[in-house]
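K.L.:
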Amino acid sequence: MKFDVLTLFPEMFEPLKHSIIERASKQNLIDINLINIRDFSKDKHKKVDDTPYGGGAGMVVRADVVYDAYQSVKEDNSKVIYLSPQGKKLNQAKVQELSKEKHLILLCGHYEGIDQRVLDEIVDEEISIGDYVLTGGELPAMVLIDSVSRYVEGVLAEDSTKEESFSQGYLEYSQYTRPEEFNGKRVPEVLTSGNHQKIEQWRRKSSLINTFLKRPELLDNEKIEEAKKIISEENESEILNK
Ligand code: 4GM
Numbered sequence: 008m009k010f011d012v013l014t015l016f017p018e019m020f021e022p023l024k025h026s027i028i029e030r031a032s033k034q035n036l037i038d039i040n041l042i043n044i045r046d047f048s049k050d051k052h053k054k055v056d057d058t059p060y061g062g063g064a065g066m067v068v069r070a071d072v073v074y075d076a077y078q079s080v081k082e083d084n085s086k087v088i089y090l091s092p093q094g095k096k097l098n099q100a101k102v103q104e105l106s107k108e109k110h111l112i113l114l115c116g117h118y119e120g121i122d123q124r125v126l127d128e129i130v131d132e133e134i135s136i137g138d139y140v141l142t143g144g145e146l147p148a149m150v151l152i153d154s155v156s157r158y159v160e161g162v163l164a165e166d167s168t169k170e171e172s173f174s175q176g177y178l179e180y181s182q183y184t185r186p187e188e189f190n191g192k193r194v195p196e197v198l199t200s201g202n203h204q205k206i207e208q209w210r211r212k213s214s215l216i217n218t219f220l221k222r223p224e225l226l227d228n229e230k231i232e233e234a235k236k237i238i239s240e241e242n243e244s245e246i247l248n249k
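The sequence shown begins at 8 in the numbering used here and counts up one residue at a time.
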């Protein structure tokens, strides 16, 4: 899968070179290209923005410069995503959907804004990573690259995304490792029993309880009742991480 990132701050993507994404790039599973929009300025001072028509404070990035940057990477199967606080909120379902694309072009905006005409011309989807404002679309673009790359075949160990409870609508179950006792707290007994059926059953319950306690809005009424029932059963208190 190929990502072409159109940005005024390519140096902000340095962290991607030191992560799980670095390995995926080296194995040619994903290909990330950073395109500096400034390289497409025709101005002798490499200027990319100008004052807004109608007046007011700030500057606006020129349509022609962004369009030329886009033209330099565009292919027949490209999907252009504009990262902005006004976009549709990114979630795991959207991440999975995007992972099926061959070529994503990520356009990073800025507080100063981009001329609306080029946005209307080239953007297929406007995406936000959450309801808050950042200084630029670079961090959202990195969030999108990281989350989508996890679903590209070969990037993670087989089935580590398939089992992932978030994809199934639940939070993860609680995890434990040595020592068996820490600050007087013992590991839930069932996990050291070797009974895989019981362990599987415990983990399903743990996942449901964690979701009920932390993100109840993810559950339907039936699952809420199920969670309450498990909690009310005194002998299951191990599941509440007590
Ligand atoms: C305004 C328009 C994305 C501001 C476009 C970008 C937050 C998000 C910006 C822009 C951003 C987000 C830059 N802030 N919630 N700031 O995904 O790209």
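Glycine is no exception: its CB is placed at the ideal position from the N, C-alpha and C atoms.
Is any heavy atom in the ligand 4GM found nearer than 7 Å to the beta carbon of S135?
P.N.:
As a working mapping, residue 135 is identified with position 128 in the sequence shown. S135: yes, Cβ under 7 Å from the ligand 4GM.
K.L.:
Nearest by alpha-carbon distance to Y139: which of I112, K96, S26 and R222 is it?
P.N.:
Your numbering for residue 139 matches position 132 in the sequence shown. Looking at the Cα atoms, K96 is the closest of the given residues.
K.L.:
Please state the DSSP three-state secondary structure of P186.
P.N.:
Position 179 of the sequence shown, counted from the start, is the residue given in the question as residue 186. DSSP places P186 in the coil class of the three-state scheme, outside both helix and strand.
K.L.:
If I follow the unbroken alpha helix (DSSP H) through Q204, where does it start and stop?
P.N.:
One-based indexing of the sequence shown puts residue 204 at position 197. Looking at the DSSP string, the run of the alpha helix (DSSP H) that includes Q204 is H203 to K221.
K.L.:
Just the C-alpha distance for S106 and E187, rounded to the nearest angstrom, thanks.
P.N.:
For the purposes of this step, residue 106 is taken as residue 99 along the sequence shown, with counting starting at 1. For the purposes of this step, residue 187 is taken as residue 180 along the sequence shown, with counting starting at 1. C-alpha separation (whole angstroms): 40 Å.
K.L.:
Quick check on Q34: does DSSP put it in helix, strand or coil?
P.N.:
Walking along the sequence shown from the start, residue 34 turns up at place 27. Three-state DSSP puts Q34 in coil, outside helix and strand.
K.L.:
Spatial neighbours of R30 within its chain, please: CB distance less than 6 Å, with the 5 preceding and 5 following residues excluded, ordered by chain position.
P.N.:
Walking along the sequence shown from the start, residue 30 turns up at place 23. Cβ neighbours of R30 beyond the five flanking positions: none.
K.L.:
With 16 as the cutoff for other CB atoms within 10 Å, does A118 come out buried or exposed?
P.N.:
Sequence index remark: in the sequence shown, residue 118 carries index 111 (1-based). Sequence check: residue 118 is Tyr here, not Ala. Under this definition Y118 is an exposed residue.
K.L.:
Once you ignore the five residues that flank D131 on each side, which residues in its own chain have a CB closer than 8 Å to its CB?
P.N.:
Mapped onto the sequence shown, residue 131 falls at position 124. Counting only Cβ-Cβ distances below 8 Å, and skipping sequence neighbours, we find K86, V87 and I88.
K.L.:
Apart from the five residues just before and just after K212, which ones in its own chain have a Cβ nearer than 6 Å to its Cβ?
P.N.:
Counting from 1 along the sequence shown, the entry for residue 212 is found at position 205. Closer than 6 Å at Cβ, skipping near neighbours: I237 and I246.
K.L.:
Quick one: grab the DSSP three-state call for I136.
P.N.:
Within the sequence shown, the letter at position 129 stands for residue 136. Of the three classes helix, strand and coil, the one that applies to I136 here is coil, per DSSP.
K.L.:
With DSSP as the reference, please indicate the residues paired to G143 in a beta bridge.
P.N.:
Position 136 of the sequence shown, counted from the start, is the residue given in the question as residue 143. Bridge partners of G143: H117.
K.L.:
Looking at the strands, I want to know which residues DSSP matches up with V12.
P.N.:
Your numbering for residue 12 matches position 5 in the sequence shown. Answer is L41 and L113, bridged to V12.
K.L.:
Any heavy atom of the ligand 4GM closer than 7 Å to the Cβ of L41?
P.N.:
Mapped onto the sequence shown, residue 41 falls at position 34. The answer is no for L41.
K.L.:
Return the residue from the list F189, G191 and I206 that minimises the CA-CA distance to V197.
P.N.:
Here residue 197 refers to the residue found at position 190 when the sequence shown is read from its first residue. The shortest Cα separation from V197 among F189, G191 and I206 belongs to I206.
K.L.:
Between the Cα of T14 and those of N35, K24, Y77 and H52, spot the shortest distance and give me the residue it belongs to.
P.N.:
If you number the sequence shown from 1, residue 14 lands on position 7. Selected option, being the one with the closest Cα: Y77.
K.L.:
Quick check: what's the CA-CA separation for D227 versus S239?
P.N.:
Sequence index remark: in the sequence shown, residue 227 carries index 220 (1-based). Sequence index remark: in the sequence shown, residue 239 carries index 232 (1-based). For D227 and S239, the distance between alpha carbons rounds to 19 Å.
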